[in-house]
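**Student:**
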Amino acid sequence: MSFPILSYMIFIPFLGIIAVLVLRKEQVQAIRWASALFSFIPLVLSFFLLAHYDSSTSTMQFVEKHTWIPSLGVTYFLGADGLSVPMLFLTALLSFLSVIASFNINFRVKEYFAFFLLLEVGMMGVFAALDFFLFYIFWEVMLVPMYFLIGIWGGPRKEYAAIKFFLYTLFGSVFMLIGILALYFTSQPHTLNMMELISQAPLLAKGFQLIVFVAFFLAFAIKVPIFPFHTWLPDAHVEAPTAVSVILAGILLKMGTYGLLRVSLPMFPKAALYYALPLALLALINIVYGALVCMAQKDLKKMVAYSSVSHMGYCILGISALTVTGVSGCVFQMFSHGLITGALFLLVGVLYDRAHTRDIDAFGGLWAKIPVYTGVMTLFCMGSLGLPGLSGFISEFMVFIGSFPVFKVIVALAVLGVVITAAYFLRMIQKMFLGTFNTKWEALTEISGRELFTVIPLAILMIGVGVYPSPLADMIRATLENIVHLVTG
Amino acid sequence: MYFISIFPEIFLFLWTILIFVVDFFLKEDKRKNLGYLSLLGILITIILLFFSAQGEMFGKAYSYDSLSLFFKLVFLLSAFLAISVSIDFVAKFRAFKGEFFGLILFSTVGMMLLSSARELIFLYVSLELVTIPLYVLAAYLKPDKKSAEAGLKYMLLGAISSAILLYGISLIYGITGTTFLLGIKTRLMVDYLQIGPIGPGLFLSFIFFIAGFGFKLALVPFHMWAPDVYEGAPTPITAFLSVGSKAAGLVAFLRVFFESFSVYNPDWVTIVAVLAALSMIIGNIIALPQTNIKRMLAYSSIAQMGYILVGLVAISERGVSSVAFYTLAYLFANLGAFVVAIAFELQTGSSEIKDYSGLSRTSPTLSFLMMIFLLSLVGIPPLAGFVGKYFLFASAIEKNLIWLVVIAILTSVISLYYYVGVIREMYFHKKEGGEKIFLPFGIKLALIICIIGVLLVGLFPNPFLDLASQAALVFKY
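Which chain is which? The protein sequence lines are A and B, in order.
All residue numbers for the first sequence refer to our numbering, where the first residue is 145 and numbers rise by one.
All residue numbers for the second sequence refer to our numbering, where the first residue is 69 and numbers rise by one.
Written out as structure tokens, the structure is:
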């Protein structure tokens with residue numbers, strides 16, 4: 145494959161940054177459309193990626209490899225497999241839609257889009273990098289634009305939320321750096337090539353694996369976030385502007401689970417088996433605790449934020465089971481949660497822009513006033529609570545099926561989470577959209593065409609995956625079978 | 069055709085004399101041109117470095133090798149940047165004399181000699197040539213009380229540290245009967261084989277050497293002078309102190325300990341490791357509450373020296389090359405941050421961090437550069453500081469110094485908070501009536517060099533890594 149498609153996907157948004165910076169501050173409309181264009185091209189390329197991906201094999205495809213820093217053993221090494229292709233597509237899609245959703249930003253527009261495109265560069269890079277040094281660079285590069293996006297365009301407590309996010313994630317990732325160095329010096333010959341490290345993994349001593357696993361786990365657990373490392377999430381999600389919340393929930397959280405699947409399982413197989421039960425317990429806490437906290441929320445955005453904690457718990461449960469079905473459920477959940485929660489944050493933003501409040505109790509009977517909005521919102525809530533026929537059901541079902549043979553009691557308790565999730569979403573729908581119309585919202589306007597445009601692709605995919613999941617299942621199968629095989633042998 | 073090894077130093081020395089002489093014949097308003105003349109001299113010296121033969125002189129007292137080449141480039145680069153930003157800064161002085169530039173150059177000559185010194189008396193005299201001009205420069209803002217205090221404090225503590233170093237030298241001379249580094253090494257090796265473990269006299273002299281160099285490097289607990297001196301001195305001098313003079317202390321440290329004392333590595337390395345840990349912890353924690361950018365950078369540079377020592381403690385080829393490499397990465401980022409602070413101070417007269425608020429609105433480019441420099445100091449990829457820290461930590465992990473690396477990375481996370489504090493002021497806060505910061509030519513030039521350095525060393529580090537790994541070949545491990 146001579147066409148370096150992955151490099152284009154990573155660096156076309158970077159060209160977009162240059163384009164945005166060249167434009168004058170006053171050319172707001174041009175800046176917006178330039179950003180839309182430069183985030184649309186990677187989306188087109190990602191369709192190409194989906195079309196040309198050969199799902200019959202678990203080997204890396206679209207590989208690019210160049211020497212970069214020979215004396216440190218660093219190469220520029222990109223590639224994609226059944227795990228990264230769906231994530232690259234999701235990143236391209238959500239980035240493009242978020243740029244469109246950000247057209248209502250009127251304040252420091254130029255900086256906003258420059259930072260946003262830099263964020264896309266980092267996200268694409270994480271999912272495509274196969275050299276640890278490169279992986280770490282992209283992993284960290286994202287933190288800076290995220291800090292600014294939350295800190296400048298965020299809500300009332302934006303500065304606190306921004307620095308908290310930055311410190312938390314940096315704290316996690318520096319431990320990953322130690323882990324990377326430890327792996328580098330243990331491998332023979334020394335290498336940062338992730339594929340090479342995976343093939344050497346069986347040679348690693350168990351004690352070594354148990355320690356280094358924890359170093360990586362800290363980085364990934366903070367990103368997911370796994371209880372008790374989740375406290376940055378409600379602050380960051382709630383204070384961030386709408387589009388940034390979408391990216392946070394839709395992509396950034398997935399990097400944690402992606403890291404677990406790409407690094408933790410195949411590189412530390414013995415540790416993965418050893419820590420499976422503690423991981424499952426943490427997943428259970430995430431699912432049930434996250435859902436219970438949602439019940440108590442009055443702020444709509446906060447509720448959606450905590451629902452992420454709960455939903456990411458299913459991913460972790462699927463991983464901890466170490467079965468093909470469980471891990472596939474995890475990837476389905478990563479994809480599906482990206483679609484659904486992305487859309488939910490967009491819709492919360494739509495309402496907040498008009499009503500300037502997110503208090504669930506402040507609304508009532510909105511169905512009568514804004515039926516289209518209500519319909520779309522309800523659809524995504526159903527997706528989130530796992531209504532059969534929508535993607536959330538498939539993923540949760542697969543997680544439960546896959547992990548039940550391994551952790552019977554934990555799965556039985558985790559099903560509680562589904563019930564609580566249904567309860568808080570239905571309670572929210574009832575309070576906001578049903579009942580008597582609160583006349584205070586007489587002037588509320590219906591969702592606009594542009595806003596609808598940002599959520600419809602997500603709705604189509606959510607229904608598509610829910611009704612006909614086999615294309616996605618086929619795409620990820622070979623890769624995940626290989627990962628599970630590497631661990632359980 | 070190659071010149072003799074010491075030719076670059078001789079040339080720069082003569083050029084400095086020339087500057088003093090020309091100074092007499094220039095009118096007050098033309099004296100700024102002496103700055104450009106000094107820059108020209110530095111450029112010629114850099115070229116001469118590559119046309120001078122590498123080798124030993126004066127019976128192995130002076131050695132021009134790949135290590136000294138690397139550090140000579142570092143010194144010349146930091147002198148170049150310091151003079152370049154001073155050209156417009158000197159207008160602040162009541163009675164400006166051309167000697168300001170001349171003194172910086174004299175100190176640079178001292179640093180260059182020091183990096184080649186392989187004999188203790190030679191080393192000591194070079195070190196004095198480095199610091200004595202700096203005492204004068206620190207007090208250059210004479211009517212300003214803080215500057216006078218800085219000069220006096222620096223001189224007193226500098227004199228004490230020199231005396232301690234000299235004590236160490238005399239002990240070593242007493243024990244080994246020589247002042248040549250190579251001779252000391254041979255003698256200590258023989259002693260080690262015949263007598264065995266380290267004696268109290270030798271141990272004491274190690275401690276004196278560490279304390280003496282520790283003062284120059286401003287390591288905790290020898291750092292007390294640094295913040296006051298950094299705050300009081302004219303800012304370009306502070307910048308020069310924080311990079312050039314520290315790199316000079318570092319190279320002297322490397323020469324003495326890695327060449328002469330290598331037999332007793334385990335005896336001194338633990339002390340240095342503890343000082344490194346203390347410097348990282350205390351430097352970073354005290355930097356947190358600072359409100360003045362010069363003081364903040366002073367404490368941060370104490371911590372940065374701690375990081376550099378992490379590579380030194382590894383005592384390996386990889387370790388020494390990571391020390392050299394990080395020095396270069398630190399040079400660009402730290403001087404870059406100081407250049408921005410100087411530009412800001414020139415116009416507003418303030419170096420308080422809170423006065424930076426809203427700077428991104430009035431001077432977007434300057435704020436952006438400041439952000440890059442600060443993020444590089446934190447070690448955020450893909451900037452120079454990241455590659456440097458990665459390399460340092462790699463060399464320490466290779467030697468299983470996990471505890472030191474854990475301290476280093478945790479304190480790096482702490483450092484994020486105060487570095488980003490400046491970014492927060494610039495980008496998140498608003499200020500009424502701020503105006504665009506004017507950038508004179510010298511400052512523009514320095515900023516361009518620093519930003520290119522930070523990006524180049526971060527993204528395409530190969531040539532610099534090669535230079536650094538050659539520098540590390542000087543020692544045997």
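Glycine included, C-beta positions come from ideal geometry on N, C-alpha and C.
Kindly say whether P265 of chain B, judged by its beta-carbon, lies nearer than 7 Å to any beta-carbon of chain D.
**Tutor:** Of the chains in the structure shown, none is chain D; the protein chains are A and B.
**Student:** Specify the secondary structure class of M125 of chain B as computed by DSSP and reduced to three states.
**Tutor:** M125 of chain B falls in the strand class under three-state DSSP.
**Student:** So is Q372 of chain B buried or exposed if we call it buried at 16+ other beta carbons inside 10 Å?
**Tutor:** Classification of Q372 of chain B: buried, given that the 10 Å Cβ count is 16 or more.
**Student:** Taking V490 of chain B as the query, report the chain A residues whose CB atoms sit under 9 Å from its CB, ordered along the chain.
**Tutor:** Within 9 Å Cβ-Cβ: nothing; V490 of chain B doesn't reach chain A, min ~13 Å.
**Student:** May I ask which residues mark the beginning and end of the beta strand (DSSP E) holding A195 of chain A?
**Tutor:** Element bounds for A195 of chain A: not the beta strand (DSSP E) but the alpha helix (DSSP H), 172-196.
**Student:** Quick check on A382 of chain B: does DSSP put it in helix, strand or coil?
**Tutor:** A382 of chain B falls in the coil class under three-state DSSP.
**Student:** Return helix, strand or coil for G530 of chain A, following the three-state DSSP convention.
**Tutor:** Coil, per DSSP.
**Student:** For S454 of chain A and L488 of chain A, which I take to be in contact (beta-carbon distance under 8 Å), what is that distance rounded to the nearest angstrom?
**Tutor:** Actually they are not in contact, since the Cβ atoms of S454 of chain A and L488 of chain A sit about 13 Å apart, beyond 8 Å.
**Student:** Among the candidates A:L397, A:D379, A:F537, whose CA atom is the shortest distance from the CA of P300 of chain A?
**Tutor:** Looking at the Cα atoms, A:D379 is the closest of the given residues.
**Student:** Answer with buried or exposed for E96 of chain B, where buried requires no fewer than 16 other C-beta atoms within 10 angstroms of its C-beta.
**Tutor:** So E96 of chain B ends up on the exposed side.
**Student:** Can you list, in chain order, the residues of the region 510-533 of chain B whose Cβ is nearer than 7 Å to any Cβ on chain A?
**Tutor:** Cβ contacts with chain A come from P529, N530, L533.
**Student:** At 8 Å on the CB atoms, spell out the chain A contacts of S537 of chain B, in chain order.
**Tutor:** Residues of chain A passing the Cβ test: S215.
**Student:** Any residues in the region 404-415 of chain A with a beta carbon nearer than 8 Å to a beta carbon of chain B? Which ones, in chain order?
**Tutor:** Result list empty, no residue passes.
**Student:** Figure out for me which residue from B:L287, B:A536, B:I361 has the closest Cα to the Cα of L442 of chain B.
**Tutor:** For L442 of chain B, the nearest C-alpha among the options comes from B:I361.
**Student:** Would you mind sorting P529 of chain B into buried or exposed? The rule is 16 or more other CB atoms within 10 Å of its CB.
**Tutor:** Looking at its Cβ environment, which holds 16 or more other Cβ atoms inside 10 Å, P529 of chain B is buried.
**Student:** Along chain B, which residues have their Cβ under 7 Å away from the Cβ of L341 of chain A?
**Tutor:** Ordered by position in chain B, no residue passes the 7 Å Cβ test against L341 of chain A, which lies about 15 Å from the chain.
**Student:** For E383 of chain A, count the other beta carbons within 10 Å of its own beta carbon; 16 or more makes it buried, fewer makes it exposed. Which is it?
**Tutor:** By the 10 Å Cβ count, E383 of chain A comes out buried.
**Student:** Name the chain B residues whose beta carbon is nearer than 8 Å to that of V318 of chain A?
**Tutor:** Near V318 of chain A (Cβ distances below 8 Å), the residues of chain B are I477, L478, S480, V481.
**Student:** Helix, strand or coil, according to DSSP, for V617 of chain A in the structure here?
**Tutor:** Here residue 617 of chain A turns out to be Ala, not Val, going by the sequence shown. Note: A617 of chain A maps to helix in three-state DSSP.
**Student:** Opposite S120 of chain B in the DSSP bridges: which residues?
**Tutor:** Beta-bridge pairing links S120 of chain B to B:F71.
**Student:** Give a yes or no on whether the C-beta atoms belonging to S73 of chain B and L399 of chain B are separated by under 7 Å.
**Tutor:** Cβ atoms of S73 of chain B and L399 of chain B: not closer than 7 Å.
**Student:** Can you tell me where the beta strand (DSSP E) holding I213 of chain A begins and where it ends?
**Tutor:** Segment 205-213, the beta strand (DSSP E) holding I213 of chain A.
**Student:** Can you find a C-beta in chain B that's less than 7 Å from the C-beta of F158 of chain A?
**Tutor:** It does not: the Cβ of F158 of chain A has no partner Cβ on chain B nearer than 7 Å.
**Student:** Check the Cβ of L325 of chain A against every Cβ in chain B and list those closer than 7 Å, keeping chain order.
**Tutor:** The answer, in chain order, is F461, A462, I465.
**Student:** Are the C-beta atoms of I460 of chain A and some chain B residue less than 7 Å apart?
**Tutor:** No, because no Cβ of chain B sits closer than 7 Å to the Cβ of I460 of chain A.
**Student:** Mind listing which residues of the region 440-451 of chain B have their C-beta closer than 9 Å to chain A's C-betas, in chain order?
**Tutor:** Against chain A - using a Cβ distance shorter than 9 Å - the residues of the region 440-451 of chain B are L443, V446, G447, I448, P449, P450.
**Student:** If we call anything under 7 Å between Cβ atoms a contact, is K284 of chain B one with G317 of chain B?
**Tutor:** It is a contact, given that the beta carbons lie within the stated cut-off.
**Student:** Under a three-way DSSP split, which group does F185 of chain B fall into?
**Tutor:** At residue 185 of chain B the sequence reads Ala, which differs from the Phe that was named. Three-state DSSP puts A185 of chain B in a strand.
**Student:** Quick one: using the 10 Å Cβ neighbour count with 16 as the cut-off for buried, is M292 of chain B buried or exposed?
**Tutor:** Exposed: under 16 other Cβ atoms inside 10 Å.
**Student:** DSSP three-state call for L167 of chain A: helix, strand or coil?
**Tutor:** L167 of chain A: coil per DSSP, three-state reduction.
**Student:** Starting from G266 of chain A and walking both ways along the alpha helix (DSSP H), at which residues does that stretch end?
**Tutor:** Per DSSP, G266 of chain A belongs to the alpha helix (DSSP H) from 253-272.
**Student:** Rounded to whole angstroms, what is the Cα-Cα separation between S258 of chain B and S330 of chain B?
**Tutor:** The residue you asked about is not Ser; residue 258 of chain B is Val in the sequence shown. Looking at the two C-alpha atoms, the distance is approximately 13 Å.
**Student:** Going along the chain, which unbroken runs of the alpha helix (DSSP H) with 4 or more residues stay wholly within the region 206-251 of chain B?
**Tutor:** Counting whole runs of 4 or more residues, the region 206-251 of chain B contains the alpha helix (DSSP H) stretches 213-244.
**Student:** Please report the straight-line C-alpha distance between A231 of chain B and A349 of chain A, rounded to a whole angstrom.
**Tutor:** The straight-line gap from Cα to Cα measures roughly 52 Å.
**Student:** What are the residues of the region 365-395 of chain B that lie near chain A, defined by any Cβ-Cβ distance shorter than 9 Å?
**Tutor:** Against chain A - using a Cβ distance shorter than 9 Å - the residues of the region 365-395 of chain B are S389.
**Student:** Using the beta-carbon of each residue, which ones in chain A are nearer than 9 Å to Y398 of chain B?
**Tutor:** Going along chain A, no residue has its Cβ under 9 Å from Y398 of chain B, so there is no contact; the nearest lies around 18 Å.
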